[in-house]
Amino acid sequence: SSLQTHLLYHWVRRKQAFTLEQAIRMLTLVPATLWGFADRGLIREGMAADMVVFDPDTIAAEMPEVVDDLPSGARRLVQRTRGVAATVVNGEVLLREGKHTGALPGQLLRGPLARRS
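In the numbering used here, the protein residues as written are -8 to 108.
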């Protein structure tokens, strides 16, 4: 999402309002705790660890663009990111340099307050 990229680019790198460590905590541990995911948000033995591998010196959001990649050719607005080397989910590389690897290691997460059907 461009919100996370904006935090890292603008508020950490440009304005230096937060340290990189503070921003990472805001993007990981804080939301995991708020949503009740006790096994996420930190890189620690025994915890789930999906990770985004990025270069803090080059991370930035590209200009938004319209793409026609939805079913039946429907359009959507996307905003790509520079400076991200990989996204790792459940130990498998999902995206490498912005390109999908074909791996589908993710799963739907339901917090403790989610309604079960």
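Ideal placement from N, C-alpha and C gives every residue a C-beta, glycine not left out.
Residue burial annotation: I50 is buried, with at least 16 other C-beta atoms found within 10 angstroms of its C-beta. Rounded to the nearest angstrom, the Cβ distance from A77 to V44 is 4 Å, consistent with a contact under 8 Å. Here R71 is not near G93, since their CB atoms are 8 Å or more apart. Each residue's CA atom was taken as its position, placing D41 and A65 some 30 Å apart.
Inclusion of V3 and L(-6) in the CB contact set at 8 Å is not warranted, their separation being larger than that value. Beta-bridge pairing by DSSP links K90 to R87. Taking C-alpha positions only, M54 is separated from G27 by approximately 34 Å. Assigned with DSSP and collapsed to three states, E56 falls in strand.
Straight-line spacing of the CA atoms in D48 and D60 works out to 31 Å. DSSP, read as helix, strand or coil, puts A23 in helix.
The C-alpha of L(-2) is placed about 25 Å away from the C-alpha of N81.
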